[in-house]
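What follows is a single structure, written as structure tokens, with notes after it.
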Amino acid sequence: MERIFIVLLSIFSYLSAFTQTNIVTYAGNTGKETFYDVTQITDGTILVVGYAENLGWVGTAPKTELTYTASIPNTLGTNRYGFILHLSADLQTILHVVHFPQGAVEDIRFIKTNTQPYTPTGDLYISCNTSDTDPNKGGYIIAKLDHNFINGIPSSLSWVNVVWAKSIAKEAHPWDVTSDGKVYFLGGEAYGYDWSAVYCLNQNGQQAVVNNWRTHWLKNGTEWKGTPASANPFGGIDSVGYSGIVLKIWGRCDLRSWTASDYNNDFPDGNGGIKKGKWPLDILFSGPCDPTNPTAAGPGYTGYSASGTPVYGGSSICIDRRNNDVYIGMNFKSVLPGGLPDFEPAVIAMDSTGSLKWWSRLYHEITPTGDTVNSSPDQYVDALAIDYNHNTLVVGARCHGNNVENLWEGNTINSNLAAAGFQNQFTGSSGNIHISWLGKLQLNNGVLSNATYMAEYAEGTGALGAPHPDTNLDGWPNPNDGWPDVNSTRMAKNNLKVTSNGDVCILAVGRRTITTANAYQKMVKPGSGGLSAWNSFVRMYDPQLSVPKYSSLLVGAWDTLTQAGGGNTDLYGLYKTSKGIIAVGRHSANASGVPNGNNIPVVNTVTWGTSIPQNESAILVYYQASNLVDNNDSITVVPLTMGPLRVQYREGKSNLSWQTFTETNVNRFEIERSTDASIFKNIGVVNAVGNTNNTAGYYFQDAKPTTGFNYYRLRILDEDGRFYYSNVVNVNAAINNVAIFQISPNPFKDKIQVSTNSAVATQIMLAVYDNTGRLVKTKTGNIQQGPSVFILNDLADLQQGIYYLKIVTDGSVFNGKLIK
58 MERIFIVLLS IFSYLSAFTQ TNIVTYAGNT GKETFYDVTQ ITDGTILVVG
108 YAENLGWVGT APKTELTYTA SIPNTLGTNR YGFILHLSAD LQTILHVVHF
158 PQGAVEDIRF IKTNTQPYTP TGDLYISCNT SDTDPNKGGY IIAKLDHNFI
208 NGIPSSLSWV NVVWAKSIAK EAHPWDVTSD GKVYFLGGEA YGYDWSAVYC
258 LNQNGQQAVV NNWRTHWLKN GTEWKGTPAS ANPFGGIDSV GYSGIVLKIW
308 GRCDLRSWTA SDYNNDFPDG NGGIKKGKWP LDILFSGPCD PTNPTAAGPG
358 YTGYSASGTP VYGGSSICID RRNNDVYIGM NFKSVLPGGL PDFEPAVIAM
408 DSTGSLKWWS RLYHEITPTG DTVNSSPDQY VDALAIDYNH NTLVVGARCH
458 GNNVENLWEG NTINSNLAAA GFQNQFTGSS GNIHISWLGK LQLNNGVLSN
508 ATYMAEYAEG TGALGAPHPD TNLDGWPNPN DGWPDVNSTR MAKNNLKVTS
558 NGDVCILAVG RRTITTANAY QKMVKPGSGG LSAWNSFVRM YDPQLSVPKY
608 SSLLVGAWDT LTQAGGGNTD LYGLYKTSKG IIAVGRHSAN ASGVPNGNNI
658 PVVNTVTWGT SIPQNESAIL VYYQASNLVD NNDSITVVPL TMGPLRVQYR
708 EGKSNLSWQT FTETNVNRFE IERSTDASIF KNIGVVNAVG NTNNTAGYYF
758 QDAKPTTGFN YYRLRILDED GRFYYSNVVN VNAAINNVAI FQISPNPFKD
808 KIQVSTNSAV ATQIMLAVYD NTGRLVKTKT GNIQQGPSVF ILNDLADLQQ
858 GIYYLKIVTD GSVFNGKLIK
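In terms of my numbering, the sequence shown opens at residue 58 and continues consecutively.
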């Protein structure tokens with residue numbers, strides 16, 4: 058009787074008494090099924106994707122079988138249905154099921170749209186696993202649906218692209234879509250001798266040209282290495298079929314410096330230290346790479362050298378849908394100075410033309426004190442997402458092992474001295490574990506603004522700290538107090554989500570997982586008696602990554618004496634709504650030595666679901682809590698249609714203008730300004746006029762812009778408190794009013810245009826310097842009084858990189874930065 062009593066007591070200890078309308082249910086199936094991803098569309102309804110062995114459990118819900126003309130390689134498949142489940146907003150009703158023919162694909166793994174989060178649904182894109190031989194391009198497919206459930210039920214695929222993929226690429230499906238319908242994706246084999254590369258698809262699903270990438274395949278079947286594609290000597294851009302980033306070491310230079318200047322130059326690492334070399338692979342080599350005669354001499358300046366295994370591990374791709382800049386997460390196999398293998402991470406930022414913006418190692422190569430170091434733990438990038446509210450890239454990473462120099466700590470951030478992550482450092486002594494890490498990097502320069510580790514407590518650990526001061530942490534020890542041992546904690550791949558205000562939502566697997574007071578299912582605290590179990594959990598951090606606002610388990614109700622019955626769930630996808638967090642996954646068979654493991658605690662089972670698992674059953678949960686409510690995390694029709702925000706700089710003032718064509722429920726426009734395109738501050742308000750079907754013109758003047766670049770955007774608020782952002786524009790404020798200069802385009806390709814508004818007619822000189830201070834281009838001429846344009850041509854032969862522009866007139870001197 059004692060054992061039964063303890064088990065029941067532990068069950069009551071980890072089931073919260075929170076009374077919000079949580080939904081935790083199994084899918085009602087007699088075979089095997091898994092839910093992989095979930096999203097919400099414009100009308101508030103929900104889409105869930107996955108696979109099932111049969112579709113009998115959907116009952117009488119209407120079904121549509123997808124048609125397509127492409128050949129999908131799945132001859133080794135298991136005869137499953139890949140499906141999209143269209144659910145009502147409350148999850149209670151299956152509105153429609155869209156599915157592939159049985160056996161056509163193994164599943165539907167991801168579903169994405171080409172619009173920003175919490176804005177009206179655009180086109181829908183999916184990726185699906187396939188099972189076939191390498192010669193038949195087994196791996197996964199990416200496809201575009203012909204409808205998005207708002208404008209019609211999908212019935213066919215507009216296009217299909219087959220991706221040959223193995224290992225990480227097949228597991229993680231690294232791809233994303235731009236606002237104009239281009240898809241960037243990664244395929245091939247990681248850490249092996251086979252091919253691996255990043256490609257871009259055009260709006261028709263065909264491989265496309267990316268002008269400033271470095272490898273291009275010509276239409277005549279040959280390959281040209283160079284940049285830009287338009288400069289290739291075999292017919293210019295019209296002769297190029299498509300482009301790529303080749304993720305190989307031997308014989309390739311795509312991610313290495315091509316000049317001694319780029320290789321030898323020092324760059325800020327984004328957190329107070331220094332890195333040598335413009336490109337992330339420079340660390341492995343003793344010099345730059347000649348693309349026409351690649352060399353592999355090493356080691357690099359920190360002692361790292363290239364591994365004999367020549368392919369990197371690309372794992373994540375993310376698009377900023379405001380400007381279609383591309384962010385790539387990867388790591389590569391290397392060799393430490395002592396000869397041991399190691400895996401080094403890199404996050405690479407490129408603009409929409411393929412020009413390099415920045416890259417981050419996520420740790421120091423040369424510390425702020427000047428010490429050159431190695432970071433021996435293996436490190437991986439598992440997920441990327443855009444925080445549109447704070448203009449940061451959220452990075453989910455992982456390290457295998459402990460070392461002095463590891464992924465950056467949450468309380469030693471150079472740009473944010475007050476930062477304090479929820480778990481500031483790697484705690485514990487065990488090196489043979491995987492722990493996760495979250496960080497935010499500024500989109501414009503890769504500078505670290507916030508970070509936290511995520512490593513749950515090891516079973517039986519001591520050295521626990523005092524209780525965390527946040528009452529929602531429910532008396533759990535503060536991870537930054539004491540020195541406890543931690544256990545492996547792995548984040549779900551490529552399903553990290555960011556809310557409208559910058560909260561970060563993740564799925565992960567842990568052991569003695571910290572849970573919050575408002576959790577649905579809680580972990581037994583250390584010192585409370587009873588053992589933990591391996592578990593899947595959902596967590597939402599605040600925007601600063603300083604504290605979890607919500608953290609709940611979803612796992613079988615385990616025996617706290619033997620640990621049996623737990624460790625039997627996998628969570629793959631999540632979505633934050635205005636009311637809570639929806640998460641999906643599966644209940645696995647034969648876990649913890651118990652057939653099917655123990656059941657998860659269910660509540661408010663939906664009519665199409667069941668409270669009892671059958672074989673491997675899909676899981677659907679809707680966690681709701683008072684601090685998860687945020688009306689901005691809802692998808693409603695944007696209450697206006699408008700043209701782009703525009704800015705002109707004249708006589709020391711920035712003049713902003715925009716037009717709306719229809720307005721519904723719009724309250725006001727808040728004008729925000731930034732000096733770094735990252736941190737914006739409110740500088741004024743313009744009230745909406747409320748036009749219904751006429752054009753309304755708006756105007757705002759910033760009378761005192763700061764010297765240098767000024768970035769502007771509109772924060773558009775509706776009557777219900779929701780808000781939306783406009784595009785971002787920028788101008789460069791002159792030092793005085795004698796001459797005002799606007800440079801475009803920047804980044805540039807082959808020329809720049811300098812627009813001026815001079816008080817008097819005068820001479821002008823333009824001088825362009827490279828980052829070593831060498832003068833590379835110059836031009837002199839005359840400008841007239843008032844508005845004038847001066848053009849500097851012949852810049853096509855300059856290498857990709859950063860340059861400095863000096864403008865001299867009779868009345869002023871201007872210095873600015875150019876990017877090619």
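Idealized CB from N, CA, C, for every residue including glycine. Note that the coordinates shown come from a computational prediction; the quantities given were computed from them, not determined experimentally.
Buried or exposed (CB count within 10 angstroms, at least 16 for buried), residue i
i    : result
I294 : exposed
E280 : exposed
A127 : exposed
Y250 : exposed
D237 : exposed
A760 : exposed
I39  : Nothing in the structure corresponds to residue 39, since the chain is present only between 58 and 877.
V303 : buried
A853 : exposed
N481 : buried
G365 : exposed
G292 : exposed
Y320 : buried
F718 : exposed
Q578 : buried
Y93  : buried
Residues bridged to residue i (per DSSP)
i    : result
L588 : In DSSP, L588 forms no bridge with anything.
Y197 : N186, V220
A475 : Paired residue(s): none; A475 is not in a bridge.
N507 : K497
N712 : Q705, Q758
Y108 : T91, G139
E727 : V742, R772
N787 : Y768
F400 : K390
G249 : None, per the DSSP bridge assignment.
V810 : The question names Val, but residue 810 in the sequence shown is Gln. Q810 pairs with S801, I848.
Inter-residue CB distance, residue i and residue j (contact presumed, cutoff 8 Å)
i    : j    : result
G478 : N507 : 7 Å
I98  : I638 : About 17 Å separates the two Cβ atoms, so there is no contact after all.
G654 : N672 : G654 to N672, Cβ: 12 Å. No contact.
Q799 : V788 : 6 Å
I168 : T96  : 6 Å
N186 : V162 : 7 Å
I225 : S372 : 5 Å
Contacting residues, own chain, Cβ-Cβ under 6 Å from residue i (five flanking each side not counted)
i    : result
V219 : K194, I198
V865 : M822
F871 : F798, I864
G101 : A146
V81  : V659, V660, V678
T429 : T359, I423
L702 : W715, L771, S783, N784, V786
Close Cβ partners of residue i (< 7 Å) along its chain, the five nearest in sequence each way excluded
i   : result
M58 : Its pLDDT being 23, under 50, M58 is placed unreliably in this model, and the value from its coordinates should be taken loosely. Contacts found: none.
Cut-off 8 Å between Cβ atoms - residues of its own chain near residue i, not counting five sequence neighbours on either side
i    : result
F140 : V106, G107, Y108, A109, L112, V154, V155, H156, F157, I165
P524 : L530, G532, W533, P534, N535
E720 : P696, L697, A745, V746, G747, N748, T749, A753
I669 : Y83, N656
7 Å Cβ cutoff, residue i in contact with chain B
i    : result
L181 : No chain B is present in this structure, which holds just one protein chain.
| query | Is it a yes or a no for the segment 433–449 touching the segment 511–523, going by three-plus beta-carbon pairs under 8 Å? | reply | Between the segment 433–449 and the segment 511–523 there are fewer than three inter-stretch CB-CB distances shorter than 8 Å, so the stretches are not counted as touching.
| field | the segment 498–506 / the segment 356–374 touching (three or more Cβ pairs under 8 Å) | value | No, because fewer than three Cβ pairs between the segment 498–506 and the segment 356–374 fall closer than 8 Å, the two stretches do not touch.
| query | Are at least three pairs of beta-carbons, each pair with one atom in the segment 376–387 and one in the segment 397–415, less than 8 Å apart? | reply | Contact holds between the segment 376–387 and the segment 397–415, because three or more Cβ pairs, one in each stretch, are under 8 Å apart.
| Is the segment 545–559 touching the segment 611–622 in the sense that three or more CB pairs, one from each, lie closer than 8 Å? | Judged by Cβ distances under 8 Å, the segment 611–622 makes no contact with the segment 545–559, as fewer than three pairs qualify.
| query | Given 8 Å as the limit, is there contact between the segment 772–780 and the segment 723–740, that is, 3 or more CB pairs closer than that? | reply | Contact between the segment 772–780 and the segment 723–740 is present, because at least three Cβ pairs lie under 8 Å.
| query | Does the count of Cβ pairs from the segment 341–361 and the segment 227–245 closer than 8 Å reach three? | reply | Of all C-beta pairs linking the segment 341–361 to the segment 227–245, fewer than three are shorter than 8 Å, placing the two stretches out of contact.
| Any contact of the segment 458–466 with the segment 571–590, i.e. 3+ C-beta pairs under 8 Å? | Not touching, per the Cβ criterion.
| Okay, do the segment 320–340 and the segment 202–218 touch, 3+ Cβ pairs below 8 Å being the bar? | Result no; under three Cβ-Cβ pairs closer than 8 Å.
| query | Taking one C-beta from the segment 628–636 and one from the segment 588–605 each time, how about it: are there three or more such pairs within less than 8 Å? | reply | The count of Cβ pairs closer than 8 Å, one atom from the segment 628–636 and one from the segment 588–605, reaches three, so the stretches are in contact.
| message | Does the contact criterion of 3 or more C-beta pairs under 8 Å hold for the segment 117–127 versus the segment 176–190? | response | Segment contact: the segment 117–127 against the segment 176–190, fewer than three CB-CB distances shorter than 8 Å; contact not assigned.
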